[in-house]
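This report concerns only the one structure given below.
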Amino acid sequence: MIDALVLFDLVLALAIIGIAAGVLILRDAFAMIVCFVIFGLLSALAWVRLAAPDVALAEAAIGTGVTGALLLKTLAHLRGRTLSPPLRVKGGLVVNAALCALVTLAGIGVFLATPIGGAGLEGLVAQNLAASGVAHPVTAVLLNFRAFDTLMEVVVLLVAVVAVWSMERGIARAPAPVMGEVYAGFARLVLPAAVIVGAYLLWIGAIAPGGAFQGGAVLAAVGLMLLITRAYTPLPAHRGAARIVFVIGTALFAAVALFVAQGGRATFEYPAAHAKSLILIIEAVVTISIAATLAALFHGREPVAVSVRETRA
Amino acid sequence: MNFDMNLDTGTIFGVAGMIVFGIGLFGALSVSDSLRRVLALKLCGVGASFILIVAAWRGPAMPADPVPHALVITGIVVMVSATAVALALIRRIHSLENGRDV
Amino acid sequence: MILIDSLAALAILAGAGFFMAGTIGLLRFPDTFCRLHALTKADGLGLALICLGAALLAGSAGEIVRLVLIWLFVVLSAATCAHLVARHARADAAAARNTAVTKETRP
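Protein chains in written order, with our numbering: chain A, 1 to 313; chain B, 314 to 415; chain C, 416 to 522.
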């Protein structure tokens, strides 16, 4: 007799595999993107079953929510292009399929042969959790034990927004969708609540699943709604402020990391008495930077002054 | 080799993650449409995340290893950055091909 | 305690049933508007029942408040999404009709 929850896992895993195949098979581009979003949400559900609620939150908010918005915006830009049928059966395709099946089978073999449940780093993390300043292990790893990784991650976001702004400079503006009054009313109701949820996720990250990235993604959703409802239109005059907001998270994070490195301490070694407040300050500022950066990645083009050629087009 | 085939949550999702990775790999190699290829690469990424999270799993009653979780969260954020840049490239290429560039 | 547990199980089962009905409607109904009708009504009620069941099992008042908020926001966003989809479908249908008319009048 199989446990009911294991049965649930089995069905969920089959659904995840089927939906992943659907992303490749479905002919319609919109259906493909919807399929990918469902795939992300089901993966998040699977990760909750694997005792990884932080990752599930991040995947649902960033990997699925923000990414889905980016994909749909790109599709709106490409509108009018008919997708070529996704896969045509050719000789090369069969070779590809055979090789990928081989890689997959080898991977499954290695995975099943690997002993599960060997000692990882959880013991070390648990031992040092008291000194980290926060009570939630994932936040402790992200903001304290491996804070350098997290700093670099914020830098990657910064590089992405620089790249997107530079590349989109030449693109003709796509007509923005008109969302109507019902959506505007919905946005008015939900926006303040979403701001509170974002701040709550940030705050709760110190003791429970949540944190800067999840909170930042929720606040980015606020930014997306402001952009979509035209409650906020980026203007050329706002560029300076936007740049400061993008950079301030990285800058403050790096400044704190260097500032604590005195009196015999290493970089990123927060003094134990102030660790919690330092982490929360870093997280709060980084959250704002992440939210602004993700919203800017969605908006795409840098708000430059409208040139003569553009007005003609 | 000793295949320990007891069917628990970790084994199920580990195998599923491998298969999703394989599907993504096949898509990335075989698909000609750029948007779909980006999605196929993202499937690869999520499949790899599955393996990391299963590696951190210590059974239903035990707390999981937080270090791989932090790595995967980092990976998700890096992935959304890479996706945004890839999608901006796709938009730009499309706009150049259609002569709508200004 | 057993009474509350079984009440919660009953509510969650009924909620799952409504979700099932909504999904069958989504798959079987002929056009966008019928599908939206099935989906939004059945899922709204299904989620309400599941939240009710979970609230019966909840340990603290804070959890109940959170469940109610989740239900409220999901229902709000579902209604807004349904409205947007329906608006889009109607605009699409009107556009298709217009192109058909122009094709007929201008051979």
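Even glycine gets a Cβ: it sits at the ideal position worked out from N, Cα and C.
ALA368 of chain B and PRO236 of chain A have their alpha carbons spaced roughly 48 Å apart. Pairwise C-beta distances place the segment 34–46 of chain A in contact with the segment 14–22 of chain A, as three or more of them are shorter than 8 Å. With contacts defined by Cβ atoms closer than 8 Å, ALA497 of chain C and LEU451 of chain C form a contacting pair.
Counting along the chain, the unbroken alpha helix (DSSP H) around HIS407 of chain B starts and ends at 379–410.
Remark: C-beta atoms of LEU129 of chain A and GLU283 of chain A do not approach each other more closely than 8 Å. Contact between LEU294 of chain A and GLY216 of chain A holds: their C-beta atoms lie close to 7 Å from each other, under 8 Å.
When secondary structure is reduced to three states using DSSP, ASP3 of chain A falls in the coil class, being assigned neither helix nor strand.
Apart from sequence neighbours up to five positions away, the residues of its chain that approach VAL134 of chain A with a beta-carbon distance below 8 Å are ALA140, LEU143, ASN144, GLY205, ALA206, ILE207, ALA275, LYS276 and ILE279, ordered along the chain.
Around the beta carbon of LEU418 of chain C, fewer than 16 other beta carbons sit within 10 angstroms, so the residue counts as exposed. The shortest C-alpha to C-alpha distance from THR438 of chain C to any of C:ALA423, C:ILE427, C:THR455 and C:LEU428 is the one to C:THR455. Per the coordinates, the alpha-carbon of VAL190 of chain A lies some 27 Å from the alpha-carbon of CYS449 of chain C. Within chain B, ALA329, ILE332, VAL333 and ILE336 have C-beta atoms less than 8 Å from the C-beta of ILE17 of chain A, given in sequence order. Under the Cβ distance rule, HIS452 of chain C does not count among the residues neighbouring chain A, no pair being separated by less than 8 Å. Sixteen is the threshold: since fewer than 16 other Cβ atoms of the shown chains lie within 10 Å of the Cβ of HIS503 of chain C, the residue is exposed. With fewer than 16 other beta carbons inside 10 angstroms of its own, LEU428 of chain C counts as exposed.
Contact annotation, GLY440 of chain C with ALA457 of chain C: C-beta distance approximately 6 Å; criterion of less than 8 Å satisfied. Nearest C-alpha to ILE281 of chain A among A:ALA254, A:ALA261 and A:GLN262: A:ALA254. For LEU472 of chain C, same chain residues with a beta-carbon under 6 Å away, outside a window of 5 residues either side, are ALA423 in chain order.
Of the other Cβ atoms in all chains shown, fewer than 16 fall within 10 Å of the Cβ of LEU258 of chain A; this residue is therefore exposed.
In the structure shown, VAL333 of chain B falls within a helical segment according to DSSP collapsed to helix, strand and coil.
Listed along chain A are VAL182, TYR183 and PHE186, each with a C-beta nearer than 7 Å to that of THR495 of chain C. For ALA97 of chain A against PHE339 of chain B, the beta-carbon gap comes to about 6 Å, under 8 Å, which counts as contact. Fewer than three pairs of CB atoms, one per stretch, sit closer than 8 Å, so the segment 378–385 of chain B makes no contact with the segment 334–352 of chain B. In the three-state scheme derived from DSSP, where H, G and I count as helix and E and B as strand, GLY205 of chain A is classed as coil. Contact note: HIS77 of chain A reaches chain B through ARG404, HIS407 and SER408, using a C-beta cutoff of 8 Å and chain order. Membership of ASN128 of chain A in the alpha helix (DSSP H) is indicated by the continuous run 122–132. Secondary structure at GLU283 of chain A: helix, using DSSP grouped into helix, strand and coil. With a cutoff of 8 Å on beta-carbon distance, ALA193 of chain A and PHE444 of chain C are scored as not near each other.
Rounded to the nearest whole angstrom, the CA to CA distance from VAL359 of chain B to GLU181 of chain A is 37 Å. Judged by their CB atoms, PHE213 of chain A and VAL398 of chain B are not nearer to each other than the 8 Å cut-off.
Remark: C-beta atoms of ALA131 of chain A and ALA272 of chain A approach each other more closely than 8 Å.
Separation of THR324 of chain B and ILE33 of chain A (C-alpha to C-alpha, rounded to the nearest whole angstrom) is 28 Å. A buried status is given to MET331 of chain B, since no fewer than 16 other beta-carbon atoms sit within 10 Å of its beta-carbon. Taking 7 Å as the upper bound on Cβ-Cβ separation, chain A lies near no residue of the segment 453–486 of chain C. Counting only runs that start and end inside the segment 219–260 of chain A, the alpha helix (DSSP H) elements of at least 4 residues fall at 239–259. For ALA473 of chain C, the secondary structure class from DSSP, reduced to helix, strand or coil, is coil.
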